[in-house]
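Undergrad:
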Amino acid sequence: MSSSIYTFSVIDGVICIEDCDGPKSVTNDIENVLDDLGCCGMALDGPVIYRDSEGLWSEIRLQNGKFQAFHGPEYDTREDAIAAIAKAFDL
Numbered sequence: 028m029s030s031s032i033y034t035f036s037v038i039d040g041v042i043c044i045e046d047c048d049g050p051k052s053v054t055n056d057i058e059n060v061l062d063d064l065g066c067c068g069m070a071l072d073g074p075v076i077y078r079d080s081e082g083l084w085s086e087i088r089l090q091n092g093k094f095q096a097f098h099g100p101e102y103d104t105r106e107d108a109i110a111a112i113a114k115a116f117d118l
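Using the working numbering, you'd call the opening residue of the sequence shown number 28 and step up by one each time.
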């Protein structure tokens, strides 16, 4: 079974997922990506952003640690996405 290839980091309390253009995109494999992060001990109760295979950053909306929706707007840089989501989450 093909799965996405990605990296992640936590910056200022925001989980940042970067798609590495594997056999399956993070967009198309998001439930498995989030399950992997949960298995790694990541708390999925705060803000999460991701960079898609086109290089744009946007929010991943979660409810009880589960994927709900991708949420725009899209940002060109991780820093801009973090600033926007930090403001929304009052970080």
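All C-beta atoms, glycine included, are put in the ideal place defined by N, C-alpha and C.
Using three-state DSSP, classify residue 118 as helix, strand or coil.
TA: One-based indexing of the sequence shown puts residue 118 at position 91. In this structure, residue 118 counts as coil in the three-state DSSP scheme.
Undergrad: Give me whichever residues DSSP pairs with residue 43 in a beta bridge.
TA: Locating residue 43 in the sequence shown gives position 16, where the first residue counts as 1. According to DSSP, which records beta bridges pairwise, residue 43 is partnered with 36 and 76.
Undergrad: Determine the closest residue to residue 98 out of 112, 105, 104 and 40, with distance taken between C-alpha atoms.
TA: The count along the sequence shown starts at 1 and reaches residue 98 at position 71. Checking every option, the nearest Cα to that of residue 98 belongs to 112.
Undergrad: So what's residue 99 in DSSP terms, helix, strand or just coil?
TA: As a position in the sequence shown, residue 99 is number 72, starting the count at 1. Note: residue 99 maps to strand in three-state DSSP.
Undergrad: If you run the structure through DSSP and keep just helix, strand and coil, what is residue 58?
TA: In the sequence shown, residue 58 corresponds to position 31, counting from 1. Looking at residue 58 - three-state DSSP - the assignment turns out to be helix.
Undergrad: Report buried or exposed for residue 108, applying the criterion of at least 16 other Cβ atoms within 10 angstroms of its Cβ.
TA: Translated into the one-based positions of the sequence shown, residue 108 becomes position 81. Label assigned to residue 108: buried.
Undergrad: In the DSSP output, what is residue 85 paired with across the bridge?
TA: For the purposes of this step, residue 85 is taken as residue 58 along the sequence shown, with counting starting at 1. Residue 85 is bridged to 77.
Undergrad: Strictly by DSSP, which residues pair up with residue 52?
TA: In the sequence shown, counting from the first residue as 1, residue 52 sits at position 25. Paired residues: none, contrary to the question.
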